[in-house]
Each structure stands twice: as structure tokens, then as C-alpha cells.
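Chemist: Here you go, one structure.
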Amino acid sequence: MNRRIGLLLALLLVLAVLADRLPLLYYSEYVYDEEEYKTGSIAALIMAGPELPLLEYQPGDYEGGTLLFGLLTIPYFLLFGKTYLALKGVALTTTVLMALFASWFAWRRTGWPGGLATGALFLLPPAAVLQIGLLPWGNYAENAMLSLAAFLLVFRQLAAPRQTIRDYLLHGVFFGLGVWIHYGFAVTVLWLLVLWWLARPAGAGFRHGMAVLAGALVGLLPWFLYNLTHDWRGLGRLTDAVGKSTGLGRRLASGFGRLWHLWTNDLASGLHFHGFSVPAIQFLSYGYLILALFLFGMSIAFYRRKLAEMGRALLPGSRRVEADAAFGAMFPIGFVLLYSVVFSFSDYGLLAPEWGLLDPESHAHIFILYPMLLLAGGLAVGAAWPGRWRYPALAALVGLLGLGAVAYAGLLTPVRPQAERLKSNAYDRDVIYMEIGIKWGAEHERIQQIERRLSGPALQSFVFGAGIKYGLDHARQLNIAVDKCAAQPDPLLPYCWFGIGVGLYEGRQLPVEELDALVRRAPSGLQPWLILGGCTGNIWAGHPDHPLCAEASRIDVGALVPPDSAAALRQFVAGHLAMAEVRPAKQ
């Protein structure tokens, strides 16, 4: 294809994706989530001058991507101001790149029919892809985008006549950074290593493998630095994946059961159709999934000989597989199968597997399967185009696009436009320092070290976060949580107590009746703060009608503290109650 034509088509796709997604930013409340505040807050805090070492602003022990994309948000803030529109620009960039990489990959494998079909599928994808693609969390959509980029890079390398050490080194750096950004990228790396073994390109040997390993270690440097200074807490997320000791028999039984449930229920319920009754949503969801699986199966059928050749190449002494177009088509197909198995046999689950929800996090752990199924569908259309299967493939494509349009319409909330939100600030220092407090709440020495470096609102939010951690960990022994707060100076005690109340009800470690009884028995000086925190925690947990919220509305915060700290505390409590209420997709 002529280079100019290729660039023109890429530009048209970029404009089409922007024209498709921008209305959602203005007319859908379901493409916003309070978690994206982390990314914007990191950018704003770094721009203002960080009060802590850079890696301390990584919100969770495994959220390297949130920190990195927070840093990448800085240019957008400089250009467009620290607004939601600028923050959404980061997500739009990820979405555009995802569509470009997928369409380019399909075009190179199956020609223009596959490329155009893939581009169309990414223009009108399921609601889940629209939602998460517009949330700059720094993990799920970014993992999909990076995986598609890795497909392009690795296929190009495998098909290249010359294998250079430099290219392998750079690929290794990319792999390491990808795993730091999102641990799920490790599945992508595993699959690409399998593909490299199957292709075994001429001229690539031990030195090239060592170059990949060395590059990966360089790319993982932020991960090593974080864990060296944070007691290797990042390993906890990895051990969570297979940490439960269930025995081989139970593991196998559970894994196969989860695999069946994934393909017969979870993938359908996670599509996030909205605006209909649950039976209608199920009908639309299964319709979409059946059409997607029809194209997926068509891809497997078209490339069955290559698939069989790849299977034979796994055996000792077998010949390598030629890295041709059919081999490239196996990239998304094999990934979908591998990721499904890894997820099903791990200890990871779905955050909210129910039907009819629009919380973008509900099925986030299987999000990457959707873009890969879209790519596989586009490849199927391209492969079917020259023959008699063109029309069934086109019919399935049209059906998917029609259902994609229904999903798009279901996300629109024109009666609640979001234009004012896009103009508002996309950061809040409280969010990040609260997250850091939650992260370190269980370690007294680290709490003291960080408190010595903070002051003012940053310190208040940090202590509030530590209080949340105490409430989460000690619901059964409230006196321990209160004793931990006692280490704080008097002006900071209310922030810590307020946090305990949030942690008690957000975590729900006890039945709500027992939590209510704990609050009722609390000493008079502590009880109002537990009520205020309990209301906030209930809203966070999706229970805004809890009786504590009626009581919280009658509490005069200023009357509970000395006059010199009343204004700051009033603002702090009111701010967190207001933030808790802005959870449009949380159910």
C-alpha cells in the first residue's frame, strides 16, 4: 500500500475515533469514575513540587501504570489546563492508539478488508470497551494498547530477514515496562515468547535471548526500585494470583468450572449493555457474544492448518513455523485462549459479576479479551473476503456494529450533560495522600517517617487514609483502631477517627447491624466522627440511604473541635462526603 494512502487512512481513523468518543465525554456520565482522579492528582502534585519521593506517589503496590500515566498527563495539563478535558485527552490517546494498532495489524495480515473491518469494530465496540477506553486509569485499556503494539513489533521482528541484538534489547525494555505498568502484560510476554520459540527466526540465538532478558530487567527498574523501598509489597499482587492452597484436584475442578463460566456468562455480562430490562440485556449480550465467537471460530477454521503446524512445532525436534500472514493471525487467537486459561486457573475473580451493572471495574480483569476478540473478528472478515464465506462474515460484522450502536446509545445520558465537569479540575491532592495513608496504615514506623515530611492538607489526608486502613483491619477490635489513632497529635485525631468510620463501612468486615452497634457504643467524643465516616463509607459501598447519613447531616463539625481548626475540618468532611456522592456508575 502506498505510504501516503496509509497515512491518510490512519488520519481518517483517528478523526473517526475522536468524533465517535467525544460525544460520550459530553453526554455520558458512565465514562467517568473517581479512580481517574488518581492519575490527574499525580500529575498536579508533581507539577506543584512533590513533597515525597516520586515512587511514593504510586497509589497501590502494583499500580505502576497509574504513576506513569500520571506523569504522561503533565503535558496535557500544561497545554489545556488541569481540567477533566485534558485528563480525558490522555485516555483518548490510548483509545486512538488501540484502534490504530489493531487496524494496522489486521491490514498487514489480511489486506484492506480486514483492516477496515477491525477499524469499524473499534469505532462501535461493546460498552465496556467504550467505558474503560475513556478512563485514564493507567492499567486495563493501557495494557490492551501496549499488547497490540507488542504484536506489531514482535511480528515485524520475527518476519525480518536480519535479527539484531539492539532490536531484541529494545523489545526486552518494552516488555519490562509493560509488566511494571500492568501485571497482566506478563501474559502477553509469555505468549510472545511462545510465538518466538515457534518461529525461531534464523540468526537469533542465545545472545538475542540474553538481550531480551537484559532489556526486560532495565524496563523493570521502576518496579525493582519501588519494591526495594517498599518491602517487596508488589509481590503480594502476584502471590494473590495463585496464593490459595486448594490442592491440585480442587484447582483443576475450579479452573475448568471458571473457564466454562467465563465463556458462557462472564464475557456476555461484561459487555455492559444498558437501558433495558435484565432479560433484554441478556438477549443483546448473548447475541453480541455469539456473533463475536462465530467470527472467532471462523478465524480458527481458516487458519486451522497453521494452528496444527504450530501445535506440531511445540514437539522436540520439530521444524520451526514460518512467520507468514497466517502465523500473524494466530497472535490474537492464541492470546485469547491463553489469557482465558490463565485467568480461570488463577485466584483472580470479577469485582461485580452481576448482570445489568455499568460499573466499569466490574469485569475489568477480563477487559483485554474484548479488544482481542474484535481484532480476531476483523481478521476473520479479511480472511473470508476472497471466498464464499465473505457474506456470512459480513453479516456477522454488520450485526456486531448494529449491537455496538445500541451499546453506544445506552451509555448516553443527554439529560445529564457533562460539559461543566469537563471544565472542572481533574485533581485533588486529598486523593493521593489518602491512598498513601491507606497503603502504609499497617506500618507504624513508615507512618511516622512520612508524617515528618508532610504538613497542612497533605498531612490531614494522609492521616485520614491511615484511619481508613485501621477501620478496614480492626472492625472486630475497634479499640485497636482507636489506639493507633492515639499516636496522632490532638489536631489530627478527628481526621483519623473520621477515617476509621469510612473503613468500617466500606470494608464491611462485619454484618452492618454489628457495625451500627459498634458506633452506638462508641465514646461520645469518638461517635460523631464514626457517624460521619460511616456515612461516607456507606456511600462508597453503594448504600447512600443508610440511617447514619441522616444523622451525619445534623452534626455540626465546627462544634466538635477548637475554633482555630473548625473551618479546615468542615471543608475536609464536606469535601469527602461530596466526593463520595459523585459515583454515577458505582452500584
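Numbering follows our numbering, with no gaps: position 195 of the sequence shown is 311.
Where a beta carbon is used, it is the ideal one built from N, C-alpha and C, also for glycine.
(1) On the DSSP bridge assignment, give the partners of Thr199 in chain order.
(2) With the cut-off set at 8 angstroms, would you say His388 and Ala244 are in Cβ contact?
(3) Does the Cβ-Cβ distance between Gly615 and Gly587 come in under 8 angstroms?
(4) Going by CA-CA distance only, name the one from Glu622, Ile397, Gln279, Lys600 that's closest to Val522.
(5) Which term fits Trp376, buried or exposed, when burial requires 16 or more other beta carbons within 10 angstroms of its beta carbon?
(6) Which residues in the same chain as Ser577 place their Cβ atom closer than 6 angstroms to its Cβ, once the five residues preceding and following it in sequence are excluded?
(7) Taking the alpha helix (DSSP H) that Ala369 belongs to, which residues open and close that run?
(8) Can you tell me whether Leu131 is helix, strand or coil according to DSSP?
(9) Run the CB neighbour count on Pro258, radius 10 Å, all protein chains shown included, and call it buried at 16 or more, exposed below.
(10) Where does Pro700 sit, in a helix, a strand or coil, going by DSSP?
(11) Specify, as a first and last residue, the run of the alpha helix (DSSP H) that Leu519 falls within.
(12) In the structure shown, what three-state DSSP assignment does Ser385 receive?
(13) Flag this pair as yes or no: are the beta carbons of Leu495 and Ala222 separated by less than 8 angstroms?
(14) With a cut-off of 8 angstroms on the beta carbons, I'd call Gly235 and Ala215 a contact; round off their distance for me.
(15) Just curious, the alpha helix (DSSP H) that Arg70 is in, first and last residue?
(16) Beta-carbon separation of Gln108 and Leu183 under 8 angstroms?
(17) Between Ala445, Trp253, Ala558, which lies nearest to Ala159 when the distance is taken from Cα to Cα?
(18) Could you tell me the distance, in whole angstroms, from the CA atom of Pro166 to the CA atom of Leu570?
(19) What's the call for Pro191, buried or exposed, on a 16-neighbour Cβ count within 10 Å?
(20) For Arg119, is the classification buried or exposed, using 16 other Cβ atoms within 10 angstroms of its Cβ as the cut-off for buried?
(21) Taking the straight line between their C-alpha atoms, what separation do you get for Gly335 and Arg568?
(22) Measuring alpha carbon to alpha carbon, tell me which of Tyr455, Pro639, Arg316, His481 ends up nearest Arg78.
(23) If you follow the alpha helix (DSSP H) that His287 is in, where does it begin and where does it stop?
(24) Between the alpha carbons of Phe291 and Gly331, how many angstroms are there, rounded?
(25) For Thr362, is the classification buried or exposed, using 16 other Cβ atoms within 10 angstroms of its Cβ as the cut-off for buried?
(26) Three or more beta-carbon pairs under 8 angstroms between the stretch 266 to 273 and the stretch 509 to 526, yes or no?
Modeler: Let me lay it out:
(1) Asn541
(2) yes
(3) yes
(4) Comparing C-alpha distances from Val522 to each of Glu622, Ile397, Gln279, Lys600 shows the shortest one belongs to Ile397.
(5) With fewer than 16 other Cβ atoms within 10 Å, it is exposed.
(6) Asp546, Tyr549, Met550.
(7) 364 to 377
(8) Note: Leu131 maps to helix in three-state DSSP.
(9) Sequence check: residue 258 is Glu here, not Pro. Buried, because 16 or more other Cβ atoms sit within 10 Å of the Cβ of Glu258.
(10) Unreliable positioning characterises Pro700 in this predicted model, as indicated by a pLDDT of 39, which lies under 50. The coordinate reading is nonetheless provided below. In the structure shown, Pro700 sits in coil (DSSP, three-state: anything other than H, G, I, E or B).
(11) 506 to 527 is the span of the alpha helix (DSSP H), which, as asked, contains Leu519.
(12) helix
(13) yes
(14) 6 angstroms
(15) Nothing can be reported for residue 70: it is not among the residues displayed for the chain, which extend from 117 to 703.
(16) Within the shown structure, residues of the chain are numbered from 117 to 703, placing residue 108 beyond reach of any answer.
(17) Trp253
(18) 10 angstroms
(19) Answer is exposed; the Cβ neighbour count stays below 16.
(20) The residue is exposed, with fewer than 16 neighbouring Cβ atoms inside 10 Å.
(21) Looking at the two C-alpha atoms, the distance is approximately 32 angstroms.
(22) Nothing can be reported for residue 78, as the shown portion of the chain is limited to 117 through 703.
(23) For His287, the enclosing alpha helix (DSSP H) covers residues 281 to 297.
(24) Per the coordinates, the alpha-carbon of Phe291 lies some 8 angstroms from the alpha-carbon of Gly331.
(25) exposed
(26) no
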